[in-house]
Amino acid sequence: MGIENDLLLRTIAKEKVERPPIWLMRQAGRILPEYRAIRQSLSGFIELVTTPHLAAEVTVQPVDILGVDAAIIFSDILVIPEAMGLPYELIEKKGPYFPETISSASQIENLLQGEKAAERLTYVYDALTHTKRLLGNRVPLIGFSGAPWTLFSYMLEGQGSKTFSKAKAFLYKEPKLAHILLDKITETIIAYLRLKIQSGVDVVQVFDSWAGLLNESLYKEFCIPYLRRIRESITDVPVIIFSKGAYFAMEDIINLSPDVIGIDWTLSAAAFRSDHGHDMVAQGNLDPCVLYGHPEHITRQVTDTINDFGGRHIFNLGHGVYPDTPLDNVKHLINQVQSYRY
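Residue numbers 1 to 342, in my numbering, belong to the letters of the sequence shown in order.
Structure follows, in C-alpha cells:
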C-alpha cells in the first residue's frame, strides 16, 4: 500500500510538486501539551526513548495535531554510544552526561561496533514498528542518526559544550586514535540505519550537529570520509545530510551525492542556489527564532524562503524547534507553507 501523503518523497525524487512539504526538527517535543503530559508521567527522557509504544505515540503526535507532512521517530542520537558500551544520562535542564568518557586506546578497543552494537537497540526498532502501525501509511517516516563527528564529540567531552575543546584537541593530539574511533562509530551508524530501514523507515537523516565547530581542513579529514561511507552504504531509502554550520564544506557535502542537503539559517537560500545551482533538493533553513515573532513576519519569511529556494525544497527550520516556542506560531508556520502554491 502506498503512502497517502507522499509529498516529501516526490520532492526528494525531484518530481513536480504543488508546494514544499514541511516537517520540523524536534517537532515531537515540549511545544506540544500532549507530549508534556506523557513526560510528566515518566521518570525522564530516557524512559520515554526506551519505551516503544510511548516513543511511537509522541512520534505521531505532530502528524495528528500539527498536520506535518512527515514523522520522525522520537529517539536520541546518543543511543549509539550507549550501544557501543558508553552509557549516558540525560539531566533535566542540563542535557546529556556521560559518567565515563573516551581518553585512551584501550577504551576505544573495548567498544562494541557495527551490528553487535546496533542489535542492542531493539527498543528503537520496536518503536518504529509501533509507529508504522499508528501512522497507517498517512505520511513517510524518517529515521535518523547522529553523524560520526557529533557522536565522537559527546563521547570525548562527556556532555554538551560550546567549544567541545576536549574532542577537538583529541583530533590534533591523537589523530590515529581519532580515526579508529570514528571508524567504529561509522560502522555502528551504518548497521543502525540498515536495521531502521528494515523496520520501515522511508527516509534517513544524518545530523552533524557540531560540524560548525571545525574548520574546513579538519572537516575534510575527520568528517567527509565517514559521511561518504555512510552515504555509499545506505542505498535503499533517500538520505538527508545535515551538517549544521558547515557552510565552508558545502561543495564537499554536495560531492557526497546525498538525496537532500539540510541547510541551517547561516546560509541563505538565495546564496545556496546562486553558488550551487537549482538541481539539488535542499531542506531548511528558517531561523527557529523567527517563530517568536509576529505571525505577519512569519508569513513574509515563509514566502521569501520558498521563493528564494525556487523549488526542490523541503521546508524545515535551520535546527530544532526551541521548547518555549509559541505553539500557535508553529501552527501558523505550517499553515502558511501548506497554503503556498508553486
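Glycine included, every Cβ here is placed at the ideal spot set by N, Cα and C.
No experiment lies behind these values; they were computed from the predicted model shown.
C-alpha of residue 292 to C-alpha of residue 168: approximately 34 Å in a straight line. Judged by DSSP in its simplified three-state form, residue 243 adopts strand. Non-local C-beta neighbours of residue 42 in its own chain, meaning closer than 6 Å and more than five positions away in sequence, comprise 48, ordered along the chain.
For residue 275, the uninterrupted alpha helix (DSSP H) run begins and ends at 269–276, by DSSP.
Taken through DSSP and simplified to helix, strand or coil, residue 212 comes out as helix. If you check the CB distance, residue 146 and residue 111 do not come in under 7 Å. The residues 83, 188, 191, 192, 195, in chain order, have a CB closer than 7 Å to that of residue 118 in the same chain once the five nearest residues on each side in sequence are set aside.
Of the candidates 91, 236, 230, the residue whose Cα lies closest to the Cα of residue 183 is 230.
The three-state secondary structure of residue 33, taken from DSSP, is helix.
The continuous beta strand (DSSP E) containing residue 261 extends over residues 260–263. A residue is called buried once 16 or more other Cβ atoms fall within 10 Å of its Cβ, and residue 217, having fewer, is exposed. At the C-beta level, residue 327 and residue 38 stay beyond 7 Å of one another. Contact between the segment 23–30 and the segment 96–104 is not established, with fewer than three Cβ pairs separated by less than 8 Å.
Here residue 254 really is in contact with residue 276; their C-beta atoms are around 6 Å apart, less than 8 Å. By the C-beta density criterion, residue 20 is buried, having at least 16 other C-beta atoms within 10 angstroms. In the assembly as shown, residue 283 is a buried residue. Its beta-carbon has 16 or more other beta-carbons within 10 Å.
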